[in-house]
Amino acid sequence: MAKTTMDLTALVRGAADIDVSERIGLLPNVASERTKHLKGRVAGAKAVTSVCGYCAVGCSTLAYVSDDGKLLDVEGNPDSPINGGHLCPKGSALFGLTVNDQRWTTVKYRAPYSDRYEERPLAWALERIAQLVKKTREETFVREKDGKRVNHTLGIASLGGATFGVEENYMLGKFMHALGVVSMENQARI
Ligand code: SF4
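Residue 166 in numbering that gives the first Met the number 0 is what sits at position 167 of the sequence shown, and the numbering runs on without skipping anything.
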C-alpha cells in the first residue's frame with residue numbers, strides 16, 4: 000500500500016513535465032495516423048462577425064463561410080464582452096435555423112370557417128396583409144373624438160418580435176404612427 004502511494008506520488012510529480020499534446024492526463028494520447036490528419040469542419044474557413052437575431056441580449060457570433068460563400072457553422076464570438084464565446088440553446092441552433100431543408104418557405108393559410116390549412120406563397124400573404132390593413136384602417140379610422148382631433152385607429156395593433164433591430168423598430172414605429180395605429184408593443188432590442 001505504502002509503495003503504491005509512493006509510486007503515484009512520483010507519477011504526479013513527473014506529470015508536470017508531461018507534454019499535454021502527447022498525453023491525456025497521465026496516459027499516452029493514442030492517435031491513429033488518420034486521426035492525426037483530421038481537421039475541424041471550419042478549419043481554414045473565413046469567420047464573419049455577426050450577431051444572434053433571436054433576442055435583446057445581442058450575443059455576438061462568428062459565422063464560418065467557405066470560399067464559395069457556403070455557411071459552414073455559427074459559433075459564439077469569444078471576443079464579445081456580451082457573451083464571451085457562449086450562446087444559449089437558441090443561439091446555438093442558428094446554423095440549423097439557417098441551413099435546414101425542413102424550413103418552411105410558404106405560408107399556411109386557413110380561410111375563415113375552413114377546417115384545413117392551405118399552402119400559399121409569401122408574396123400572396125404580404126398582399127393579403129396589406130389589403131386587410133387598408134380595409135380595416137378605412138373602416139375604423141377616427142378623425143375626431145369628443146371635439147378633439149385624434150386621427151387614429153383602434154382596429155389595428157402591432158406586436159413586434161425580438162428579432163427586430165433598432166432600425167426595424169424605428170421604421171415600424173414610423174409606419175404604424177403614419178397609419179394612425181396607437182396600440183404598439185415591441186420586445187426590447189439593441
Ligand atoms: S437568443 Fe441566446 S444566444 Fe441569442 S442573443 Fe439571446 S441570449 Fe444570446
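Every residue gets a Cβ at the ideal spot worked out from N, C-alpha and C, and that includes glycine. This structure is a prediction, so every number in the text was calculated from the model and none was measured.
Looking at 143, 101 and 76, the one whose alpha-carbon comes closest to that of residue 90 is 76. When beta bridges are read from the DSSP output, residue 91 appears opposite no residue.
In this structure, the straight-line span from the alpha carbon of residue 55 to that of residue 25 is close to 45 Å.
Apart from sequence neighbours up to five positions away, the residues of its chain that approach residue 138 with a beta-carbon distance below 7 Å are 154, ordered along the chain. Closest in C-alpha terms to residue 151, from the list 44, 92, 162 and 136, comes 136.
Counting only heavy atoms of ligand 1, the residues whose C-beta sits closer than 5 Å to one of them are, along the chain, 51, 53, 54, 56, 58, 86, 87, 89 and 90.
The criterion of a C-beta distance shorter than 8 Å is not satisfied by residue 50 and residue 64. Straight across, the Cα-Cα distance linking residue 161 with residue 167 is about 11 Å.
In this structure, 107 is the residue among 125, 128, 107 and 126 with its C-alpha nearest to the C-alpha of residue 118.
The alpha carbon of residue 81 has as its nearest neighbour, out of 57, 124 and 122, the alpha carbon of 57. Runs of beta strand (DSSP E) with 3 or more residues, each lying fully within the segment 51-101, are found at 59-64 and 70-75, listed in chain order. Taking a 10 Å sphere around the C-beta of residue 86, we find 16 or more other C-beta atoms and assign the residue as buried.
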